[in-house]
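2 protein chains.
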Amino acid sequence: MQQSSPGPRDRLVYTAVQHLRQHGVTATGLRGLVADAAAPWGSLRHYFPGGKDQLVTEALGWAGSFAASRVEAYLQSAASPTPSGLFADMVQAWVRDLEKRSYARGCPVAAAVVDSADTSETIRCAAAQALEQWRAPLVRGLLTVGVPADRATDLATLMLCSLEGAVIMARAARTVEPLHTVQRTLGPVLDAEPRSPAGS
Amino acid sequence: MQQSSPGPRDRLVYTAVQHLRQHGVTATGLRGLVADAAAPWGSLRHYFPGGKDQLVTEALGWAGSFAASRVEAYLQSAASPTPSGLFADMVQAWVRDLEKRSYARGCPVAAAVVDSADTSETIRCAAAQALEQWRAPLVRGLLTVGVPADRATDLATLMLCSLEGAVIMARAARTVEPLHTVQRTLGPVLDAEPRSPAGS
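Taken in order, these protein sequences are the chains called Z and P.
Counting from 59, one number per residue, gives the positions in the first sequence under the numbering used here.
Counting from 59, one number per residue, gives the positions in the second sequence under the numbering used here.
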């Protein structure tokens with residue numbers, strides 16, 4: 059059975075994610091976004107009666123789910139998952155994306171926070187939720203590979219923070235070196251935690 | 059001798075920093091900025107013939123210098139400077155600022171990167187330079203307290219990245235907890251480096 063291609067609603071959400079990544083919320087124009095999504099203009103109001111805030115909110119939810127699914131994919135596919143292996147997988151996905159797109163696109167959640175956290179409570183909450191969607195499987199993953207419960211949340215937060223900052227530094231300097239640096243420097247720290255056997 | 063109050067040029071740069079911190083580049087309107095700076099409208103074109111790009115560039119330079127001066131101040135004032143003490147000083151300054159301003163303002167450099175790195179080469183370069191202005195005294199500071207040369211740059215990068223990410227997470231969730239977390243988690247790592255006596 060052939061998988062159906064995404065309809066205009068899904069295309070609008072996906073395109074919104076990409077515009078946020080490149081320009082942030084304020085500089086994302088709805089006309090250009092609808093055109094890039096190859097969606098009829100009327101579909102915007104039809105599917106998103108709450109306007110730009112609703113579209114951005116759904117885009118951030120999409121981004122949170124996507125990031126979470128990548129973490130799950132690593133944990134399910136790695137032969138011997140480790141904290142540093144999980145972090146390396148996250149960092150390398152960003153390295154590939156930044157290099158492939160010439161540093162044009164960063165994290166949509168960071169973009170939404172810096173230009174809209176203070177002006178739209180809706181967008182701020184959606185950003186906080188997306189970060190939580192991302193952090194939750196990280197915490198679970200660290201627990202799965204044996205990191206003690208009282209350390210897993212702190213380490214997951216440190217992984218997310220250093221990755222978000224490294225993406226910003228990488229885009230500023232147009233080099234993936236900050237990403238390699240945080241991976242090289244934090245990886246051994248993550249693995250140095252005393253770990254109990256998985257599942258124990 | 060009484061110190062003179064800042065003139066319209068300095069007020070415009072300082073106010074631009076604050077607007078960037080709150081809204082990013084695109085959402086910063088020049089009319090509102092000039093009004094907030096209590097500067098005559100004509101002073102904008104007079105002092106910044108290069109327009110918004112020039113004003114943003116100078117604002118990012120100001121921010122880079124300010125961040126660098128804080129690092130220097132810690133190194134000069136601390137009785138027994140340590141890597142974790144330096145990081146704690148940086149983190150605590152952000153905790154105070156976020157709490158004082160109800161999370162309204164983040165890092166101006168991160169703001170400039172996420173909404174303008176792909177559209178203004180001038181702003182992107184200014185952001186990269188501001189981050190370098192900030193990292194350079196961090197590297198020097200780590201060397202001063204005895205961190206080996208082959209580790210100082212990596213650790214300075216990790217400090218900056220985790221701090222930038224923590225500010226974003228803090229603004230999203232309106233809690234300083236991510237900042238406390240990176241300080242608590244990274245501090246011991248920074249101090250665990252084998253260190254030679256200062257100046258040796």
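Note that beta-carbon positions come from the ideal geometry of N, C-alpha and C, so glycine has one too.
So, for residue i: in the same chain, excluding its five sequence neighbours on each side, which residues have a beta-carbon less than 7 Å away from its beta-carbon?
i: Z/Gly-245; result: Ser-142, Phe-145 and Ala-146
i: P/Ala-136; result: Gly-143
Going straight from the alpha carbon of residue i to that of residue j, what length do you get?
i: P/Ile-226; j: Z/His-238; result: 21 Å
i: P/Ala-131; j: P/Asp-155; result: 17 Å
i: Z/Glu-235; j: Z/Ala-162; result: 16 Å
i: Z/Asp-208; j: Z/Arg-242; result: 24 Å
i: Z/Ala-126; j: P/Thr-177; result: 29 Å
i: P/Ser-220; j: P/Leu-213; result: 10 Å
i: P/Met-148; j: P/Leu-216; result: 13 Å
i: Z/Gln-187; j: Z/Ala-170; result: 12 Å
i: Z/Ala-224; j: Z/Ser-63; result: 34 Å
i: Z/Pro-98; j: Z/Trp-120; result: 21 Å
i: P/Thr-140; j: P/Trp-152; result: 19 Å
i: P/Gly-108; j: P/Leu-102; result: 10 Å
Short of 6 Å in beta carbon distance, which residues of its chain neighbour residue i, apart from the five on each side in sequence? Order them along the chain.
i: Z/Leu-113; result: Ala-74 and Phe-106
i: Z/Ser-174; result: Val-83 and Ile-181
i: P/Arg-229; result: Tyr-161 and Gly-164
i: P/Leu-70; result: Ala-95 and Ala-97
Take residue i and list the residues in its own chain whose beta-carbon comes closer than 8 Å to its own, dropping the five residues that flank it on each side.
i: Z/Asp-68; result: none
Using a Cβ cut-off of 9 Å, pull out every chain Z residue sitting near residue i, in sequence order please.
i: P/Thr-73; result: Result: empty, since nearest Cβ-Cβ is about 16 Å, beyond 9 Å.
i: P/His-81; result: Thr-84, Val-172, Asp-173, Ser-174, Asp-176 and Thr-177
Does the beta carbon of residue i sit closer than 8 Å to a beta carbon anywhere in chain Z?
i: P/Ser-62; result: no
i: P/Leu-221; result: yes
i: P/Tyr-161; result: yes
i: P/Arg-89; result: no
i: P/Thr-239; result: yes
i: P/Ser-258; result: Note that P/Ser-258 has pLDDT 42, beneath the 50 cutoff, so the model's placement of it is unreliable and no number is given.
i: P/Gly-100; result: no
i: P/Pro-236; result: yes
Counting only Cβ pairs nearer than 7 Å, list the residues of chain Z close to residue i.
i: P/Leu-244; result: Leu-216
i: P/Val-247; result: Val-247
For residue i, decide whether its Cβ has a neighbour in chain P, counting only Cβ atoms nearer than 8 Å.
i: Z/Gly-199; result: no
i: Z/Ala-231; result: yes
i: Z/Met-227; result: yes
i: Z/Ala-207; result: no
Starting from the beta carbon of residue i, find every residue of chain P whose beta carbon is closer than 9 Å, and list them in chain order.
i: Z/Asp-212; result: Thr-239, Val-240, Arg-242 and Thr-243
At a CB-CB cut-off below 8 Å, which residues of chain Z make contact with residue i?
i: P/Leu-189; result: Met-227, Ala-230 and Ala-231
i: P/Arg-182; result: Arg-229, Ala-230 and Arg-232
i: P/Gly-164; result: Val-171, Val-172 and Ala-175
**Message:** Does the structure place the segment 177–187 of chain Z close enough to the segment 199–215 of chain P that three or more beta carbon pairs sit under 8 Å?
**Reply:** These segments do not touch.
**Prompt:** Are the segment 163–170 of chain P and the segment 76–92 of chain P in contact at 8 Å, needing three or more beta carbon pairs?
**Reply:** Segments in contact, yes.
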